[in-house]
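There are 2 protein chains.
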Amino acid sequence: MLHASALAHDDLMDGSDTRRGRPATHRALEAEHRAAGWRGDPGQYGAAGAILLGDLLQGWADELLRGCGLGWDVVGPALEIFDRCRTEVIAGQFLDVSVQARGHADVEAAMTVLRYKSAKYSIERPLHIGAALGGATPDQLTALTRFGLPLGEAFQLRDDLLGVFGDPATTGKPAGDDLVEGKRTVLVALALDAASPADARLLDGALGRALSDQEVAILRGIIDDSGARAQVETVITELTTRALAALDASGFDDAAVVVLRELASAATQRVV
Amino acid sequence: MLHASALAHDDLMDGSDTRRGRPATHRALEAEHRAAGWRGDPGQYGAAGAILLGDLLQGWADELLRGCGLGWDVVGPALEIFDRCRTEVIAGQFLDVSVQARGHADVEAAMTVLRYKSAKYSIERPLHIGAALGGATPDQLTALTRFGLPLGEAFQLRDDLLGVFGDPATTGKPAGDDLVEGKRTVLVALALDAASPADARLLDGALGRALSDQEVAILRGIIDDSGARAQVETVITELTTRALAALDASGFDDAAVVVLRELASAATQRVV
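As given, the protein sequences belong to chains D and P, one line each in that order.
Following this note's numbering, the numbering of the first sequence begins with 276 at its first residue and continues without gaps.
Following this note's numbering, the numbering of the second sequence begins with 276 at its first residue and continues without gaps.
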């Protein structure tokens, strides 16, 4: 629910037209306004509706977790993690918006965005919330960080690769989607560092504008030739290895280890 | 904090440039972007920042109430009211956006918007939350509804009058602000019902666009002549009388009655 809320706002902020092949909230409302010939600006109507839907869902997310029916002794600690998660993802999102506007993200800044906006939000904190609801000890939460944070980083680095090299038929997103959106990902930051000055200028200048299939192919070539793609694959492998080693050292019971190992595999080896 | 959150989103949705004489969040960020000559669209940057600030504050509002330090036996019930309040104000806001887009709000629809977006949110629910934290009984909460809901309605009707007839030097808002924003208030709905067809057409056509001082004066005249202004004053008096009668019948102790009576006076007789 927090995620659905974030997506309504995220699509609006990014100016995304679609979400999983269907119109994004603000675009759907905008189209309704236009078709009905209502008063005022259709875009403003769509934006207002998406903002309000996101606000409503954010409230409901909180309400659902609080009212899940478990005792306050476990819901209270889970809510504290939920609060932290919400603040982290918002801060990560603003840092992302900020580095994109400034037109420059070094590898470290891109890695910080990735950590707060994605690794913690998608993997570490959800594990923490579930564990807290299960009455986890502080040591168990720490073990989940040692497993979940590198895994979450690997998960997002895979996403960055798919955002540039993914097959639209499989991902459901346009080719080179991240490039068109001008995302200053770790992959892009590494490529800008390692490419020749001419290639780096070309890549930098292309970020954030509409691109033909041919242009996407050229930019993919630059990122590949720079070594950034291979470097990200290496880092994904290292992070996954680290996550799995932490899982082995966690002392979790076998049933939990099996499920978490499947999660690690699904998060890092996916093609969508 | 919930209110600050709502304002950041509200100003963005309304396209308001200022808030209490200072730039609205999205406008301040937009200006920063423009001055720095950053990449991308300044308006989109400002909107993203305002959305994220509102999201952050909404989360913090929840966190602050939950962490206020009182026992769960009183914080739990207060949070349930807080949840309801949040859902009500979002629903009222969307109804408002919706009737403005449709270009027509009858008196009943305008009154529903007023009740959910303002009367409950500004007066009834805050009283309930405070009372719940004080360990109020269900009967006391009902008594606060009987007092707070009509008072809240009167409060917003006063606001509607000020939004059309208020003195910019006192309110800090442009003359005829609600007309320029195209707000379908109860006052406007009554005027459209009661004015001559020609006057109603003129008023209806003017809502939601930039207006000269002279045009504002003409529209004020139409609303005044229609009898809507006097009618709203009458309703304010009736609602306030009803609220005060409910207060007399509430059985609250004298100290509470004195404070609530002051609130009633401040909310309905104000000039700003």
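In this text, a Cβ means the ideal position worked out from N, Cα and C, and glycines have one as well.
Next item on the list: State buried or exposed for P/Ser501, treating a residue as buried only when at least 16 other CB atoms are found within 10 Å of its CB.
Entry: buried
Next item on the list: Enumerate, from N- to C-terminal direction, the unbroken alpha helix (DSSP H) stretches of 4 or more residues contained entirely within the segment 287–331 of chain P.
Entry: 300–311
Note to self: Going by DSSP in three states, D/Ala505 sits in which element: helix, strand or coil?
What the structure shows: helix
Check: Out of D/Thr460, D/Ala429, D/Ala353, which has the shortest C-alpha to C-alpha gap to D/Asp479?
Finding: D/Thr460
Next item on the list: Count the CB pairs spanning the segment 370–388 of chain D and the segment 318–338 of chain D that are closer than 8 Å, and state whether there are at least three.
Entry: no
Check: Helix or strand or just coil, what does DSSP make of P/His379?
Finding: coil
Checklist line | Whole-angstrom C-beta distance between P/Ala407 and P/Ala353, which should lie under 8 Å | finding: 4 Å
Next item on the list: Mind checking which residues open and close the alpha helix (DSSP H) that includes P/Pro449?
Entry: P/Pro449 -> no alpha helix (DSSP H), and no H or E assigned at all.
Note to self: Cβ closer than 9 Å: which chain D residues qualify as neighbours of P/Leu514?
What the structure shows: Neighbours of P/Leu514 on chain D: none; closest Cβ ~28 Å, over 9 Å.
Item checked: Residues, ordered as in the chain, of the segment 360–374 of chain D that lie near chain P by beta-carbon distance below 7 Å -> Arg361, Thr362, Ile365, Gln368, Phe369, Val372
Margin query: For a contact defined as C-beta to C-beta under 7 Å, what are the partners of P/His284 on chain D?
Written below: Ile326, Asp330
Checklist line | Delimiting residues of the alpha helix (DSSP H) encompassing D/Gly427 | finding: 413–440
Notebook entry, point to check: Apart from the five residues on each side of it in sequence, which residues of its chain come closer than 7 Å, Cβ to Cβ, to P/Ala469?
Noted result: Ser501, Gly502, Ala503
Item checked: Own chain, CB closer than 7 Å to D/Arg517, minus 5 neighbours either side, in chain order -> Pro425
Margin query: Less than 8 Å between the beta carbons of D/Ala385 and D/Phe430, yes or no?
Written below: no
Next item on the list: Could you give the DSSP three-state label for D/Cys343: helix, strand or coil?
Entry: coil
Checklist line | Contacting residues, own chain, Cβ-Cβ under 6 Å from D/His301 (five flanking each side not counted) | finding: Leu287, Gly321, Ala322, Ala325
Notebook entry, point to check: Quick one: is D/Asp442 buried, meaning 16 or more other Cβ sit within 10 Å of its Cβ, or exposed?
Noted result: exposed
Next item on the list: Indicate the three-state DSSP secondary structure (helix, strand or coil) for D/Thr460 in the structure shown.
Entry: coil
Margin query: Quick check: is the beta carbon of D/Met386 nearer than 8 Å to any beta carbon in chain P?
Written below: no
Checklist line | beta-carbon P/Gly438 near the ligand FAD non-hydrogen atom, thresh 7 Å | finding: This structure lacks the ligand FAD; in fact it carries no ligand of any kind.
Next item on the list: State yes or no: is the beta carbon of D/Tyr320 nearer than 8 Å to at least one beta carbon in chain P?
Entry: yes
Notebook entry, point to check: Who are the neighbours of D/His278 on chain P, taking C-beta pairs under 7 Å?
Noted result: In chain order: nothing, as chain P lies at least about 13 Å away.
Check: Beta-carbon separation of D/Glu428 and D/Leu340 under 8 Å?
Finding: no
Item checked: Where the alpha helix (DSSP H) through P/Asp529 begins and ends -> 529–543
Checklist line | Straight-line gap, P/Gly351 to P/Leu402 (C-alpha atoms, nearest Å) | finding: 16 Å
Margin query: Check for me: the alpha helix (DSSP H) holding D/Gly526 runs from which residue to which?
Written below: Neither: D/Gly526 is in no alpha helix (DSSP H) and is coded neither H nor E.
Item checked: CB contact check: P/Arg314 to chain D, cutoff 8 Å -> yes
Margin query: For a cutoff of 8 Å on Cβ pairs, would you count D/Pro358 as touching chain P?
Written below: Note on residue identity: the sequence assigns Asp, not Pro, to residue 358 of chain D. Chain P, which has a Cβ nearer than 8 Å to the Cβ of D/Asp358, makes this yes.
Note to self: Is it the case that the segment 520–534 of chain D contacts the segment 310–321 of chain P, given that we only count it when at least three CB pairs across the two stretches are under 8 Å?
What the structure shows: no
Margin query: Determine whether the beta carbon atoms of D/Gly451 and D/Leu482 lie at a separation below 8 Å.
Written below: no
Next item on the list: Select from D/Leu465, D/Ala310, D/Gly290, D/Phe527 the residue whose C-alpha is nearest the C-alpha of D/Thr412.
Entry: D/Phe527
Next item on the list: Spatial neighbours of D/Leu277 within its chain, please: CB distance less than 7 Å, with the 5 preceding and 5 following residues excluded, ordered by chain position.
Entry: Gln333, Ala336, Arg361
Next item on the list: Label P/Arg484 either buried or exposed according to how many other C-beta atoms from any shown protein chain fall within 10 Å of its C-beta, with 16 as the threshold for buried.
Entry: exposed
Margin query: By the DSSP assignment, the alpha helix (DSSP H) with P/Glu399 in it spans what residues?
Written below: That residue, P/Glu399, is in no alpha helix (DSSP H); it is neither H nor E in DSSP.
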